[in-house]
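Chains as they are written, first to last, in my numbering: chain A, 107 to 549; chain B, 2 to 117.
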């Protein structure tokens, strides 16, 4: 079966402890036969398990760069760099320095993903204004079907809504993601500039998180991603470090580099940290939320119609935004300070490298190719009658379980265990507390 | 209730209608009826919600159904309730609404939401 997600398990490292099952916000993990297993259909790539696992047995599957680039020989090799990468180095390393080093990894062209973010925020700004205008004379109920609009730049948020808050799908900003917008821009630019067909362009995305890798492998609202492959920031970090040590000329670019490197204005760059998107959109009545548990709280509130007078919700699964991604190297606090430096240094970049800058108006916003399908991974059965029978069985079994939620059976809670038993995924004998109690009774 | 309906595979729109209706009726029972009991029964094609209180009852039901009409005390209004939209909102979100009320004895609100 095709693997749907990029979070995976190294079996040898997993000791079968229960840390990950407890931390998973969608209860997608069970320990079976002494090893953790992930129910693909319930995984939203939030990477909580990667952060929690004390044995580093959970990893994000990305491809190794060398293999991929050699497989793409004869093609024009393009890197799209998540702006979080730009924040991973010392204070004297500029954005251009990092992109120069990325090019030296073996790419012909390097595009900063901030370009796509700039396109996204300017299109989102317009979309908010249009919807506000269209709903101007409508009832509160009609307004609350659409507002607050919810950002779709973090794929985890979209997957969470798709599965657990399906009534909020109508709130999502239906724009293609910044990485796809950047890829589209790169393709349009290169096809025109080099007069080559699209098939000769090979795009590699340097990702801060497994969720964006999954969005490439298994896109949410389009048939196929424009991106060919992904690597994690931490996969290329050591090599970039040594390349950056060799950079001597900070203030100019070779002819080759001038051709290759493309950056955005601050409007896109800021989006790597939480709050950047809303400040770039430039609206006042917004809300920002980071961390998956906090996002769940806010989505509950929106679902209950308790959030009024908010036009836009910027939500990122990782604390701090993409700079807090699980595949980054630096802590998010120094990364956030570094990002501010980069934004501040734009006035220098504008002087030194005016030809490298892509303006927000040059990005053509794309809307979703396909409507977002609902994910029914949480329902008990396709048939409501059968679901009701199962529901009753679950209640019955649950009443015989100890309700300690100890996790020793491999399920995160007794309720999850009761459901697993009814769904034929576990046996009641796996409950050691119950077995012990029964044994004591016999004696 | 929301979580249960979702696990049963009820559509998001139907869950939303049921939860709005139930929420409004609960608020009414708390503000006017001094609290009460809620009973939710799920059938393959519908959900039936019954909220019953032993409060003062509704003297003029037709008047109570008018949008904006409210007898909520100031303390409820200060908390953002009591705008007179509760019953109209319930009516809008259910397929069948039955209000059985007796002065001095209490009110029983039965709401049926058919799955669409």
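The C-beta atom is built at its ideal place from N, Cα and C for all residues, glycine as well.
What does DSSP give as the partner residues of residue i in its beta bridges?
{"i": "residue 49 of chain B", "result": "B:42, B:113"}
{"i": "residue 114 of chain A", "result": "A:165"}
{"i": "residue 328 of chain A", "result": "Beta-bridge pairing links residue 328 of chain A to no other residue."}
{"i": "residue 377 of chain A", "result": "Bridge partners of residue 377 of chain A: none, in fact."}
{"i": "residue 466 of chain A", "result": "Beta-bridge pairing links residue 466 of chain A to no other residue."}
{"i": "residue 97 of chain B", "result": "B:113"}
{"i": "residue 247 of chain A", "result": "Beta-bridge pairing links residue 247 of chain A to no other residue."}
{"i": "residue 142 of chain A", "result": "A:137"}
{"i": "residue 102 of chain B", "result": "B:108"}
{"i": "residue 473 of chain A", "result": "A:281"}
{"i": "residue 526 of chain A", "result": "None; residue 526 of chain A has no bridge partner."}
{"i": "residue 54 of chain B", "result": "B:37, B:108"}
Looking at the structure shown, is residue i part of a helix, part of a strand, or coil, going by DSSP?
{"i": "residue 312 of chain A", "result": "strand"}
{"i": "residue 164 of chain A", "result": "strand"}
{"i": "residue 217 of chain A", "result": "strand"}
{"i": "residue 494 of chain A", "result": "helix"}
{"i": "residue 370 of chain A", "result": "strand"}
{"i": "residue 451 of chain A", "result": "coil"}
{"i": "residue 135 of chain A", "result": "strand"}
{"i": "residue 278 of chain A", "result": "strand"}
{"i": "residue 457 of chain A", "result": "helix"}
{"i": "residue 273 of chain A", "result": "helix"}
{"i": "residue 503 of chain A", "result": "helix"}
{"i": "residue 12 of chain B", "result": "coil"}
{"i": "residue 233 of chain A", "result": "helix"}
{"i": "residue 150 of chain A", "result": "coil"}
{"i": "residue 307 of chain A", "result": "strand"}
{"i": "residue 68 of chain B", "result": "coil"}
{"i": "residue 534 of chain A", "result": "helix"}
{"i": "residue 108 of chain B", "result": "strand"}
{"i": "residue 124 of chain A", "result": "coil"}
{"i": "residue 28 of chain B", "result": "helix"}
{"i": "residue 186 of chain A", "result": "strand"}
{"i": "residue 255 of chain A", "result": "strand"}
{"i": "residue 37 of chain B", "result": "strand"}
{"i": "residue 435 of chain A", "result": "coil"}
{"i": "residue 61 of chain B", "result": "coil"}
{"i": "residue 511 of chain A", "result": "coil"}
{"i": "residue 262 of chain A", "result": "helix"}
Does the Cβ of residue i have 16 or more other Cβ atoms within 10 Å, making it buried, or fewer, making it exposed?
{"i": "residue 432 of chain A", "result": "buried"}
{"i": "residue 76 of chain B", "result": "exposed"}
{"i": "residue 195 of chain A", "result": "buried"}
{"i": "residue 219 of chain A", "result": "buried"}
{"i": "residue 304 of chain A", "result": "exposed"}
{"i": "residue 550 of chain A", "result": "As shown, chain A starts at 107 and ends at 549. That puts residue 550 of chain A outside it, with no answer to give."}
{"i": "residue 180 of chain A", "result": "exposed"}
{"i": "residue 29 of chain B", "result": "buried"}
{"i": "residue 317 of chain A", "result": "buried"}
{"i": "residue 80 of chain B", "result": "exposed"}
{"i": "residue 401 of chain A", "result": "buried"}
{"i": "residue 472 of chain A", "result": "buried"}
{"i": "residue 354 of chain A", "result": "exposed"}
For residue i, decide whether its Cβ has a neighbour in chain A, counting only Cβ atoms nearer than 8 Å.
{"i": "residue 10 of chain B", "result": "yes"}
{"i": "residue 13 of chain B", "result": "yes"}
{"i": "residue 71 of chain B", "result": "no"}
{"i": "residue 45 of chain B", "result": "yes"}
{"i": "residue 103 of chain B", "result": "no"}
{"i": "residue 92 of chain B", "result": "no"}
{"i": "residue 16 of chain B", "result": "yes"}
{"i": "residue 7 of chain B", "result": "yes"}
Please tell me whether residue i has its Cβ less than 8 Å away from any Cβ of chain B.
{"i": "residue 497 of chain A", "result": "yes"}
{"i": "residue 491 of chain A", "result": "yes"}
{"i": "residue 487 of chain A", "result": "yes"}
{"i": "residue 273 of chain A", "result": "yes"}
{"i": "residue 482 of chain A", "result": "yes"}
{"i": "residue 436 of chain A", "result": "no"}
{"i": "residue 494 of chain A", "result": "yes"}
Return the chain-ordered ranges of every alpha helix (DSSP H) run that is complete within the region 334-422 of chain A and spans a minimum of 4 residues. List check, alpha helix (DSSP H) in window: 339-351, 361-366, 372-375, 382-387, 398-409.
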